[in-house]
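Colleague: Count the sequence shown with mature numbering (1 follows the signal peptide of the UniProt record, and there is no 0) and you get residues -19 to -1, 1 to 156, in order. Ideal Cβ positions, reconstructed from N, Cα and C, are used throughout, including at glycine. First the structure, then my questions, so here it is.
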Amino acid sequence: MAAVFLGLLLAGPVLLVTSSPLHELSNGTIPLVMWHGMGDSCCNPLSMGFIKKTIEEEIPGIYVLSLRIGKNVVEDTENGFFMDVNSQVSMVCSQLAQDPTLQGGYNAMGFSQGAQFLRAVAQRCPSPPMRTLISVGGQHQGVYGLPRCPGESSHICDVIREALNRGAYSDLVQK
């Protein structure tokens, strides 16, 4: 039951935007490009792989491209943490431009940082055209600090949070 609900929750917005008559594939669907968040990968069967499969089951015939940044799932996950975002966006722009199925346009669904990165794709890469961006947990207005630690007193957690707050704007992290 929970899986059906999750499937409808995720496929619902896609169903709404795929009903547009613009640039449909011969089967009446608009392709979907998905970009995962930090710590995930394109194809994990418990996360993005499951979401891709659910959308394909709910919208028969839809072309779903779950973006992989790297040669394999391990590289994809590592690159989500360590690869320069501008390099990732350039790679994706090139990948999308070379995919013949996307040339008439596509809808995009980004999860967490993947939503922000797809926003950069929409702004920087006009071809093929992105029709709609669905953002799931994207931080489009930025992030301020790290969440407070649970409980009344957790000194170790507070020290870690303070160190992360200080390091977030270092040259190493910003590049």
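On the three-state DSSP scale, how would you describe Ala89?
Modeller: In the structure shown, Ala89 sits in a strand (DSSP, three-state: E or B).
Colleague: What residues are listed by DSSP as bridge partners for Leu153?
Modeller: In the DSSP output, where bridge partners are listed per residue, Leu153 has none listed.
Colleague: For Met29, does the three-state DSSP call read helix, strand or coil?
Modeller: The answer is helix: DSSP assigns Met29 an H, G or I state.
Colleague: Specify the secondary structure class of Ile141 as computed by DSSP and reduced to three states.
Modeller: Here Ile141 sits in helix by DSSP.
Colleague: Taking 6 Å as the cut-off, is the CB of Val70 close to at least one heavy atom of the ligand FMN?
Modeller: Absence of the ligand FMN from the depicted structure is noted, as is the absence of any ligand whatsoever, leaving it without description.
Colleague: Counting along the chain, where does the beta strand (DSSP E) carrying Met72 start and finish?
Modeller: Counting along the chain, Met72 falls outside any beta strand (DSSP E), though it belongs to the alpha helix (DSSP H) covering 66 to 78.
Colleague: Alpha carbon to alpha carbon, how far is Thr58 from Phe98?
Modeller: Approximately 15 Å between the Cα atoms of the pair.
Colleague: Is the region 78 to 93 in contact with the region 49 to 69, if contact means three or more CB pairs nearer than 8 Å?
Modeller: No, the region 78 to 93 is not in contact with the region 49 to 69.
Colleague: Pull up the distance between the alpha-carbon of Pro2 and that of Glu143, whole angstroms please.
Modeller: Note that Pro2 has pLDDT 46, beneath the 50 cutoff, so the model's placement of it is unreliable and no number is given.
Colleague: Pick out whichever of Ile36, Lys156, Phe63, Lys34 has its Cα sitting closest to the Cα of residue 164.
Modeller: In the structure as shown, the chain begins at -19 and stops at 156. Residue 164 is therefore absent and cannot be evaluated.
Colleague: What's the gap between the Cα of Ser135 and the Cα of Asp152?
Modeller: Cα-Cα distance, rounded: 29 Å.
Colleague: I want to see whether chain B comes within less than 7 Å of Lys34, judged by CB atoms only; does it?
Modeller: Looking for chain B here will not work: only one protein chain is present.
Colleague: Taking all protein chains shown into account, decide if Ser47 is buried (16 or more other Cβ within 10 angstroms of its Cβ) or exposed.
Modeller: Answer is buried; the Cβ neighbour count reaches 16.
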